[in-house]
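Have a look at the structure below, then the notes.
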Amino acid sequence: MTSALVDGTSPGAEVHRRHTAKWVAGVALVVGAALVALLATRPPQTATEVDTPLVGQTAPAIGGSTLGGGSFDLAALRGRWVVVNFFASWCPPCQQEQPDLVAFAYAHRTPGDAVLVGVVFDDSDSTARAFMRSTGASWPAVFDPGGQIALDYGVRGPPETFLVSPDGIVVAHFDGPMTEASLDYWLARAKGTG
Amino acid sequence: MSDPAHRPSRPWRPWVPWVPWVALAIVVGVALGLGASRGGTAPTPTQRADAIDAVIRCPSCEGISVADSSASTAVAIRGAVAARVRAGESDAQIYAFLVSRYGPGILLRPPVHGWTEWVWVVPPAALAMAAAGLAVVLLRRRRRRRRRPVPVSAEDRALVERALWERSRHLGQPDAMRVR
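Chains A and B supply the protein sequences, listed in that same order. Note that the working numbering numbers the first sequence so that position 14 is 16, with each residue one more than the last. Note that the working numbering numbers the second sequence so that position 101 is 124, with each residue one more than the last.
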């Protein structure tokens with residue numbers, strides 16, 4: 003005896019219901035597969051330029067001890083383009099942008115060229131140091147206990163990057179992970195050659 | 024048991040309708056006086072810093088003040104506010120510093136200038152105008168009622184005169200009352 007007869011429904015209605023269920027399951031499968039494909043092939047999130055009050059103003063001072071044990075002073079880099087990058091080892095977008103920053107630093111390693119400076123954001127010096135070492139980063143990274151430097155730059159959360167001109171003016175502010183190409187683009191544009 | 028008909032008639036007191044309004048004015052006056060006197064003492068530096076923290080938006084949070092957040096950015100801002108209060112900066116100077124770093128969005132209360140002034144001015148002004156309009160309408164209606172007596176038909180007049188006559192006869196009093 004079929005379940006349809008047990009339920010008291012006609013065999014035709016049972017067949018119709020099974021057809022409907024198959025269609026619904028098929029549509030849900032197609033939509034789910036399309037969503038997975040869309041997310042898998044989506045380009046990684048990149049930085050966006052943000053308009054903040056600091057752009058056009060003198061870059062706030064950055065000074066203090068570096069993760070490498072030395073000392074750093076932003077004022078000593080007057081005359082060079084400086085990329086100031088606020089980062090943390092616990093932040094996935096920072097991990098995403100790190101290989102591009104390494105490539106950018108390597109491409110601009112000649113003396114007098116643009117220089118990259120990291121500022122540790124809400125992270126311990128040991129984990130930040132391990133993060134820098136594991137990714138092959140060789141640029142100075144300043145420790146910022148108390149977040150005073152981040153506050154002076156109006157940083158909301160890492161990664162955030164600032165482009166500082168040779169005369170010490172903030173010319174651009176980026177929110178999100180940078181790429182080597184976008185850094186080169188913005189640097190060339192700021193120099194007036196882009 | 025007292026008969027309502029025997030209740031002595033009270034003389035009309037013109038000030039009676041104003042009693043609730045006078046009472047309301049006294050209550051409002053006392054409340055405003057108390058409120059104004061409470062703000063008389065200068066706040067301590069800690070109280071000032073707390074008051075500023077309460078209106079600064081946590082930059083890495085969603086819609087809460089730095090006073091209510093334990094995020095590192097909120098902690099840093101609280102420290103900066105406390106240091107600047109201790110250094111003798113005014114509230115306006117501290118707000119200006121934070122706005123110069125994060126933009127006007129760092130303030131939970133938008134600054135009062137330009138168009139934003141209207142946001143603060145229009146509602147109380149509209150409320151005051153509505154209250155004044157209501158008062159004018161009520162006063163006019165009252166005066167109109169006083170000025171224009173309700174017309175009484177001859178039938179109604181006769182009905183009332185008969186009722187009064189029956190009442191006076193029942194009480195054994197002379198028929199002295201007449202409808203005017």
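Here a beta-carbon is modelled for each residue, glycine too, at the ideal position from N, C-alpha and C. Please read these numbers as outputs of a predicted model, since none were measured by experiment.
Exposure of Gly81 of chain A is indicated by the presence of fewer than 16 other C-beta atoms within 10 angstroms of its C-beta. Comparing alpha-carbon positions, the option among A:Asp177, A:Gly178, A:Pro179 and A:Ser167 lying closest to Arg191 of chain A turns out to be A:Ser167.
Against chain B, a Cβ distance below 8 Å from Leu153 of chain A picks out Thr96, Ala99, Ile100, Ala103 and Arg124.
Interface annotation for the region 12–42 of chain A against chain B: empty, criterion Cβ-Cβ distance under 7 Å. When Cβ-Cβ separations below 8 Å define contact, Thr48 of chain A makes no contact with chain B.
From the listed residues A:Phe176, A:Cys93, A:Leu165 and A:Arg20, the smallest Cα separation to Ala130 of chain A is found for A:Cys93. Taking a C-beta cut-off of 8 Å against chain B, the contacting residues of the region 115–135 of chain A are Phe123 and Asp124, listed in chain order. With respect to the 8 Å criterion, Trp83 of chain A and Leu189 of chain A are classified as neighbours on the basis of their beta carbons. Neighbours of Pro82 of chain B across chain A, judged by C-beta separation under 7 Å: Arg158.
Leaving aside the five residues that flank Arg80 of chain B on each side, the residues in its chain whose CB is nearer than 6 Å to its CB run, in chain order, Ile129 and Leu131.
Val42 of chain B sits in a helix when the DSSP states are folded into three classes. Taking a C-beta distance under 8 Å as the contact criterion, Val172 of chain A and Val144 of chain A do not qualify as a contact pair.
Among the CB atoms of chain B, none fall inside 8 Å of the CB of Thr163 of chain A. Cβ-Cβ separation between Leu165 of chain A and Ala139 of chain A: approximately 18 Å, too far for a contact (criterion under 8 Å).
A direct Cα-to-Cα measurement between Arg192 of chain B and Val183 of chain B gives close to 14 Å.
Rounded to whole angstroms, the gap between the alpha carbons of Trp41 of chain B and Ala149 of chain B is 25 Å. Using a Cβ-Cβ cut-off of 8 Å, Thr68 of chain A does not count as an interface residue toward chain B, since no Cβ of chain B sits closer than that to its own.
Residue pairing of His175 of chain A in beta bridges, as defined by DSSP: A:Phe164. Segment contact: the region 145–165 of chain A against the region 47–65 of chain A, three or more CB-CB distances shorter than 8 Å; contact assigned. Our two residues, Gly149 of chain A and Ser126 of chain A, have alpha carbons roughly 12 Å apart in a direct line.
Of the other Cβ atoms in all chains shown, 16 or more fall within 10 Å of the Cβ of Ile117 of chain B; this residue is therefore buried. CA-to-CA, the gap between Ser123 of chain B and Thr54 of chain A works out to about 9 Å.
Within the region 103–188 of chain B, the runs of alpha helix (DSSP H) at least 4 residues long that lie entirely inside it are, in chain order, 114–125 and 139–170. The three-state secondary structure of Ile87 of chain B, taken from DSSP, is coil.
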